[in-house]
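FYI, the numbering for the sequence shown is 6 to 247, going by my numbering. Built from N, CA and C at the ideal position, the CB exists for glycine as well. Notes follow the structure.
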Amino acid sequence: MKHDERASSELLEVIELTRQFLEREKLRGLQHVVMGRETWGALEAAVQKAHGSVQRKDAAHALKQLSELAGGCTKCNLSETRTNVVFGEGNPCARLVFVGEAPGADEDRQGLPFVGKAGQLLTRIIEAIQLKRSDVYICNILKCRPPGNRTPASHEIECCIPYLMKQLEAINPPLICALGNVAAQTLLRVKSPMSRIRGRFHKFGGALLMPTYHPAALLRNPAYKKDVWEDVQIIQREYENC
Ligand code: URA
């Protein structure tokens, strides 16, 4: 256990013991505890920090276990042609998760999502809304590269989607951005084209999901740039409130 984590769980233990002590004193007639505003504020901040650190540790642990499981996955034929499983990377407590389609050649070689040309554009999009790649979490519908970057087959999506669902459960982000038709249509269970579903949030469990064009589509068709910029600005505004 790292120093920060130990300090957090010790602090939570002290708080719990204090709570129990005050409950007992209340039964014995204690009616008021006087605490200055500054002390109260400092206590609240410490509790929040401790909770945040414990949550972060839990999410990171769940993602690590899941990534090890996915690393040995042979549920579909893509396991025979992949070089690396591309599980995902980023902040385990991200408030914003980007979900793409599937790894391409660069991602397959490096085992990391969105590191090729489309990935570089995604990095610029993230930075344009004043975030860093390390603030968000980035992953895909499929964890293995379809040969020749063909569109994922529906049975491949079926095999792989439980990994993504568990990833999202561990991270529990308030905001998700689905990049491209495959991600948006799979997560929203619709067949509508991107032009019909982008530009507004859709409910996804307890999160809000924004579909937008895939960066690879943007590279092929720069006319999509205006729409993507609109979509990510909506995300940026919501991000500041959540
Ligand atoms: N395209 C995707 O959908 N995902 C990646 O990781 C890279 C390119």
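Asked: Mind reading off the beta-carbon distance from Leu173 to Val141? Whole number of angstroms is fine, and I expect it under 8 Å.; Found: Not confirmed; about 13 Å, so no contact.
Asked: Name the DSSP beta bridge partners of His207, please?; Found: Leu214
Asked: Measure the Cβ-Cβ separation of Gly105 and His207 and say whether it is below 8 Å.; Found: no
Asked: Of all the options Ala158, Gly124, Pro151, Leu136, which has the alpha carbon lying nearest to the alpha carbon of Cys144?; Found: Gly124
Asked: Can you tell me which of Pro216, Ala212, Leu192, Leu74 puts its alpha carbon nearest to the alpha carbon of Ile202?; Found: Pro216
Asked: Note down, in chain order, each residue of its chain lying with its Cβ closer than 6 Å to the Cβ of Ala55, except the 5 sequence neighbours on either side.; Found: Ser13, Leu16, Leu17
Asked: Considering only C-alpha positions, which residue in the set Ala99, Glu94, Arg138 is nearest to Pro118?; Found: Glu94
Asked: Sorted by chain position, which residues of the same chain lie with C-beta nearer than 7 Å to Ser84's C-beta, five sequence neighbours on each side aside?; Found: Cys78, Cys149
Asked: If contacts are defined as beta-carbon pairs under 8 Å, then Ile146 and Ala107 qualify, I think. What distance do you get, rounded to the angstrom?; Found: 6 Å
Asked: Would you say Ala107 touches ligand 1, meaning its beta carbon is less than 7 Å from a heavy atom?; Found: yes
Asked: Counting only the same chain and skipping the five closest in sequence on each side, list residues whose C-beta sits under 6 Å from that of Pro152.; Found: Thr86
Asked: Tell me the residue span of the alpha helix (DSSP H) that contains Gly76.; Found: 42 to 76
Asked: Who pairs with Leu101 in a beta bridge, going by DSSP?; Found: Leu180
Asked: Could you have a look at Asn154 and say whether DSSP puts it in helix, strand or coil?; Found: helix
Asked: Opposite Tyr288 in the DSSP bridges: which residues?; Found: What the structure shows of the chain is the stretch from 6 to 247, and residue 288 is not part of that stretch, so it cannot be assessed.
Asked: Can you say whether Met199 is buried or exposed, counting buried as having 16 or more other CB atoms within 10 angstroms of its CB?; Found: buried
Asked: Rounded to a whole number of angstroms, what is the C-alpha to C-alpha distance between Glu112 and Ile176?; Found: 22 Å
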